[in-house]
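Just so we're aligned: the sequence shown equals residues 1 to 247 in UniProt numbering.
Scroll down for the structure; my scribbles are underneath it.
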Amino acid sequence: MTTVSTKEHDYLEEDKAIKNQNYCLVSFISPEDVLVSKESYYLESFFSKISEDYKNLFNFLLDKYKDDKDLIENVMNNNKYMSDVKLIDEYYKSNKNINSEQIEKKFHEDNNFQTSIRGFKVRGSFDTINEAKNRCEFLKKVDKNHNIYIAQVGCWCPWSPNADDLDDQEYSETQLNTLMKEYKKNMDSKDEIFEKRKNDAISSNQSENTVLEAVVEEDNTAQVLEENTSKMSDMFTKDDPWINKDS
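Structure (structure tokens):
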């Protein structure tokens with residue numbers, strides 16, 4: 001991902017100013033390590049289900065219609081959207097929403113009900129940055145367990161659980177600006193992704209219908225051939241009526 005500084009293009013839109021509220025103090029607490037483990041539960045559930053359905057479908061078709069192997073493999077090729085990262089992500093999010101309650105329950109049971117909720121606390125709102133700094137110094141003496149940040153109201157601000165990551169303010173702002181750019185780009189392409197999914201689904205259905213039509217046509221051809229063979233057999237095996245008449 002190419003970084004974009006605010007000097008090149010500013011994606012960090014600011015809210016309208018609120019009278020007498022220009023700076024605030026905020027503290028955060030995040031179970032970062034736990035969230036990584038939790039995410040793996042969702043991923044495992046999602047990819048396992050997709051992979052199982054995919055294999056079962058085409059194994060059935062290959063076993064049922066051995067003579068149509070080429071056509072079925074063509075259908076499989078038309079379903080290569082399974083390897084599309086953006087579409088996989090969309091399917092993943094949908095599965096996550098549907099099975100959220102069940103997976104959430106299993107996660108808590110397996111991890112002794114460790115919380116996965118993020119928390120934050122606004123420590124005050126002030127008119128000037130000097131007032132905010134003074135209050136910040138006071139709170140640091142009272143609360144030594146949490147980092148305290150000074151942020152400007154209405155502006156996006158870089159944040160990290162590790163305060164040392166924010167030492168270089170220009171670098172942090174560039175990273176945040178790049179993140180916002182990618183977020184907006186993903187939102188803009190949401191409709192495009194949906195359309196691609198819909199078209200792939202239509203293409204897949206059409207291909208599967210082609211296979212079924214081919215199978216039906218083959219069965220019909222076999223049936224006609226069998227009927228014609230039977231008629232020809234009767235012609236050569238039944239008694240000739242003219243011979244029977246003379247006798």
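Glycine is no exception: its CB is placed at the ideal position from the N, C-alpha and C atoms.
The model shown is predicted, which means the values in this text are computed figures rather than measured ones.
- Beta-bridge analysis with DSSP links Q152 to Y23.
- By a beta-carbon distance limit of 8 Å, L25 contacts G124. Their separation comes to about 5 Å.
- DSSP lists C24 as the beta-bridge partner residues of S125.
- With fewer than 16 other Cβ atoms from the protein chains shown falling within 10 Å of its own Cβ, L43 counts as exposed.
- Separation of K133 and N79 (C-alpha to C-alpha, rounded to the nearest whole angstrom) is 58 Å.
- Rounded to whole angstroms, the gap between the alpha carbons of D200 and E52 is 19 Å.
- In this structure, the straight-line span from the alpha carbon of C157 to that of I150 is close to 9 Å.
- Around the beta carbon of N56, a 10 Å sphere encloses fewer than 16 other beta carbons of the protein chains shown; the residue is thus reported as exposed.
- Ranked by Cα distance from D143, the options Q175, N20, S27 are led by S27.
- Relative to V4, the option among N177, K196, E195, K198 whose CA is nearest is N177.
- Taking C-alpha positions only, S45 is separated from F58 by approximately 21 Å.
- Burial state of K181 is buried, judged by a 10 Å Cβ sphere holding 16 or more other Cβ atoms.
- A17 and I129 have their C-alpha atoms roughly 15 Å apart.
- Looking at the backbone, the Cα of L61 and that of N77 are separated by about 14 Å.
- With fewer than 16 other CB atoms across the displayed protein chains lying within 10 angstroms of its CB, F138 is exposed.
- Apart from sequence neighbours up to five positions away, the residues of its chain that approach K106 with a beta-carbon distance below 8 Å are Y41, ordered along the chain.
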